[in-house]
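Novice: One structure, pasted below without further comment.
Number of protein chains: 2
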Amino acid sequence: GRKVLIVYAHQEPKSLNGSLKRVAVEELSKQGCSVTVSDLYAMQFEPRATRNDIVGCLHNSEEFNYGVEAWEAYKRGGLSNDLIEEQKKVQEADLLIFQFPLYWFSMPAIMKGWMDRVLVQGFAHEFPNCYDSGLLKNKLALFSFTTGGSEEMYAKGGISGDIRYLLWPMQHGIMHFCGVKVLAPHVCFAPEYVSEEKRKEMLIAWAQRLKTLWKEEPINCSPEWYFK
Amino acid sequence: GRKVLIVYAHQEPKSLNGSLKRVAVEELSKQGCSVTVSDLYAMQFEPRATRNDIVGCLHNSEEFNYGVEAWEAYKRGGLSNDLIEEQKKVQEADLLIFQFPLYWFSMPAIMKGWMDRVLVQGFAHEFPNCYDSGLLKNKLALFSFTTGGSEEMYAKGGISGDIRYLLWPMQHGIMHFCGVKVLAPHVCFAPEYVSEEKRKEMLIAWAQRLKTLWKEEPINCSPEWYFK
């Protein structure tokens with residue numbers, strides 16, 4: 093059975109994001125996948141990259157460099173426990189699903205903190221092992237999110253620009269950089285402004301997509317896909 | 093005298109980011125500006141958007157919706173004190189400078205949390221007052237940051253794509269959305285991989301730019317600038 097890690101960032105279990113997460117757990121479990129959820133708000137996950145992430149002495153205590161310290165700590169097994177736990181989950185996963193409400197054209201800070209702190213050099217990438225040869229190659233990622241703005245606002249030529257523009261930093265800059273292949277994003281536009289019936293359809297559509305997810309081909313994660 | 097708010101996110105005062113911040117405080121003060129710094133790590137600024145941001149009763153305690161709750165709390169003066177403080181600083185500022193190291197094609201989580209929590213509906217935007225009529229119009233913003241990757245990697249056709257691609261969510265999606273006009277970004281590429289002398293030149297170049305900053309025209313913050 094395949095292993096899936098859902099990194100989930102919503103404060104409210106009754107939200108559409110909460111329901112989308114539950115639908116994914118149910119559908120993927122039904123398929124025989126083993127599913128783990130990192131419920132970031134419930135975990136009170138720490139988003140700040142600080143000296144607290146390094147157990148014991150620093151490599152250079154004269155001038156703190158987070159990237160270097162986290163890299164050195166990773167190599168000697170000296171990262172804080174919350175990071176080691178998350179890295180284990182990532183290491184075991186075949187597929188990472190990121191489920192969140194879009195905040196300011198990006199992920200909520202609590203999830204950005206997960207990226208900043210978990211995907212350390214040595215674990216997720218290590219020059220020249222980046223992009224297609226990133227250390228997390230052979231894994232898949234899928235960004236599943238809700239928006240405040242409507243589909244028209246996020247159309248090409250719409251006031252907020254093509255939704256793909258804002259996926260570049262997340263899909264290419266983070267996942268592709270680590271060697272992870274990216275499946276097409278799953279976007280639920282403006283659920284707060286549609287009927288309860290339409291929201292139910294959104295859940296059904298997500299469940300449907302998950303049924304054939306493992307047959308999907310990753311996107312071609314290059315500028316053409318985003319900005320053609 | 094003009095008012096400047098520098099939102100600064102680096103753990104180490106001795107870093108290049110720390111020096112860039114200091115140079116800005118010195119140069120702008122010399123010009124007669126009044127400069128305020130929000131030193132996010134030193135403040136242990138909270139990046140997580142949670143129920144703790146709302147003082148007193150919730151508008152809807154059955155189903156927590158952060159955006160709605162923050163909006164309602166803003167209107168009745170019920171946001172947490174740290175947010176009220178930051179909003180005052182923003183309100184008074186003519187120019188916002190964001191100084192940070194690029195983390196994963198974006199700002200560090202601690203700064204993303206500042207955006208998520210400070211720029212609430214009612215204060216920074218309120219439909220239809222968004223983009224050119226956003227509530228923070230008549231202010232300027234400037235993103236000043238350092239990168240890990242080199243200028244060649246961030247060139248058009250480079251492996252990490254044009255640096256402008258990753259500015260879209262920050263400059264357009266956040267600042268322009270709130271009505272803020274955006275000055276050209278200030279990027280110091282790969283300071284960790286250059287000589288001490290080159291780093292000093294970077295500081296001098298920043299000080300030089302600041303001397304004539306108030307004569308600069310904002311960029312045309314539309315898809316053409318980013319993706320032409």
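Taken in order, these protein sequences are the chains called A and B. Heads up: the first sequence at position 188 corresponds to 280 in our numbering, and the numbers run straight through without jumps. Heads up: the second sequence at position 113 corresponds to 205 in our numbering, and the numbers run straight through without jumps. Here a beta-carbon is modelled for each residue, glycine too, at the ideal position from N, C-alpha and C. Remember, predicted model here, so these are calculated numbers, not experimental data.
For a contact defined as C-beta to C-beta under 8 Å, what are the partners of THR142(A) on chain B?
Specialist: By Cβ distance, chain B contributes GLN103, TYR133.
Novice: Check whether chain B comes within 8 Å of ASN157(A), counting only Cβ atoms and requiring the distance to be less than that.
Specialist: Yes, ASN157(A) lies at the interface with chain B (some Cβ there is under 8 Å from its Cβ).
Novice: Between the region 241 to 262 of chain B and chain A, which residues of the former have a C-beta closer than 9 Å to a C-beta of the latter?
Specialist: Result list: LYS248, GLY249, ILE251, SER252, GLY253, ASP254, TYR257, LEU258, TRP260, PRO261, MET262.
Novice: Measuring alpha carbon to alpha carbon, tell me which residue in LYS95(A), ALA282(A), ILE266(A), ARG291(A) is nearest PRO193(A).
Specialist: Out of LYS95(A), ALA282(A), ILE266(A), ARG291(A), ALA282(A) has the C-alpha closest to the C-alpha of PRO193(A).
Novice: On a CA-only basis, which of TRP306(A), LYS320(A), ARG291(A) is nearest LEU187(A)? Give me that one, please.
Specialist: Out of TRP306(A), LYS320(A), ARG291(A), TRP306(A) has the C-alpha closest to the C-alpha of LEU187(A).
Novice: Going by CA-CA distance only, name the one from ASN221(B), PRO200(B), ASN312(B) that's closest to PRO139(A).
Specialist: Comparing Cα-Cα distances from PRO139(A) to each of ASN221(B), PRO200(B), ASN312(B), the minimum goes to PRO200(B).
Novice: Where do the N-terminal and C-terminal ends of the beta strand (DSSP E) with ILE98(B) fall, by residue?
Specialist: Taken as a continuous stretch (DSSP letters only), the beta strand (DSSP E) holding ILE98(B) covers 95 to 100.
Novice: In the DSSP assignment, find the beta strand (DSSP E) that holds ASP131(A) and state where it starts and stops.
Specialist: Segment 126 to 131, the beta strand (DSSP E) holding ASP131(A).
Novice: CB-CB under 6 Å to LYS273(A), same chain, minus the five flanking residues each way: which ones, in chain order?
Specialist: Same-chain partners within the cutoff: LEU232, PRO310.
Novice: Quick check on LYS204(A) - is its C-beta less than 8 Å from some C-beta in chain B?
Specialist: Output row for LYS204(A): interface = yes.
Novice: From the DSSP output, read off the bridge partner residues of GLN213(A).
Specialist: Beta-bridge pairing links GLN213(A) to HIS217(A).
Novice: What residues are listed by DSSP as bridge partners for CYS280(B)?
Specialist: In the DSSP output, where bridge partners are listed per residue, CYS280(B) has THR238(B).
Novice: Using the Cα positions of PRO292(B) and SER314(A), report the straight-line distance between them to the nearest angstrom.
Specialist: A quick correction: the sequence has Lys, not Pro, at residue 292(B). If you take the alpha carbons of LYS292(B) and SER314(A), they lie about 35 Å apart.
Novice: Whole-angstrom Cβ separation of ASP145(B) and SER111(B), contact assumed at under 8 Å?
Specialist: Contact flag wrong, Cβ pair sits at about 33 Å.
Novice: Given GLN191(B), which residues of its chain have a CB within under 8 Å of its CB, disregarding the five upstream and five downstream residues?
Specialist: Contacts found: ILE98, VAL99, TYR100, ALA101, HIS102, ASN109, LEU112, LYS113, ALA116, SER236, PHE237.
Novice: Grab me the residues of ILE266(A)'s own chain with a C-beta within less than 8 Å of its C-beta, minus the 5 sequence neighbours each way, in chain order.
Specialist: Cβ neighbours of ILE266(A) beyond the five flanking positions: MET207, LEU211.
Novice: Using a threshold of 8 Å, state whether the C-beta atoms of LEU258(A) and TRP260(B) are closer than that.
Specialist: Contact: yes.
Novice: So for SER225(B), helix, strand or coil by DSSP?
Specialist: Reduced to three states, the DSSP call for SER225(B) is helix.
Novice: Put TYR285(A) into one of helix, strand or coil per three-state DSSP.
Specialist: It is helical.
Novice: Find out if the Cβ-Cβ distance for the pair LEU234(B), LEU275(B) is shorter than 8 Å.
Specialist: Yes.
Novice: With distances taken Cα to Cα, identify the nearest neighbour of SER198(A) among GLY241(A), GLN300(A), LEU227(A).
Specialist: When each option's Cα is compared against that of SER198(A), the closest is GLY241(A).
Novice: Residues of the region 171 to 188 of chain B in Cβ contact with chain A at a cutoff of 7 Å, in chain order, please.
Specialist: So the list is empty, because no residue satisfies the distance condition.
Novice: Is the beta carbon of GLU155(B) closer than 8 Å to that of GLU104(A)?
Specialist: Result yes, Cβ atoms of GLU104(A) and GLU155(B) sit closer than 8 Å.
Novice: If we ignore side chains and look at the alpha-carbon of each, how far apart do ASP131(B) and GLU161(A) end up?
Specialist: Each residue's alpha carbon lies about 21 Å from the other.
Novice: When the Cα atoms are used, what is the spatial distance from VAL96(A) to SER225(A)?
Specialist: The straight-line gap from Cα to Cα measures roughly 21 Å.
Novice: Does any C-beta atom of chain B lie closer than 8 Å to the C-beta of GLY124(A)?
Specialist: For GLY124(A), the answer is no, since every Cβ of chain B falls outside 8 Å of its Cβ.
Novice: Is the beta carbon of TYR318(A) sitting closer than 8 Å to the one on PHE269(A)?
Specialist: Cβ distance not < 8 Å, so TYR318(A) and PHE269(A) don't count as in contact.
Novice: In terms of residues, what are the limits of the alpha helix (DSSP H) holding PHE319(A)?
Specialist: First-last of the alpha helix (DSSP H) with PHE319(A): 315 to 319.
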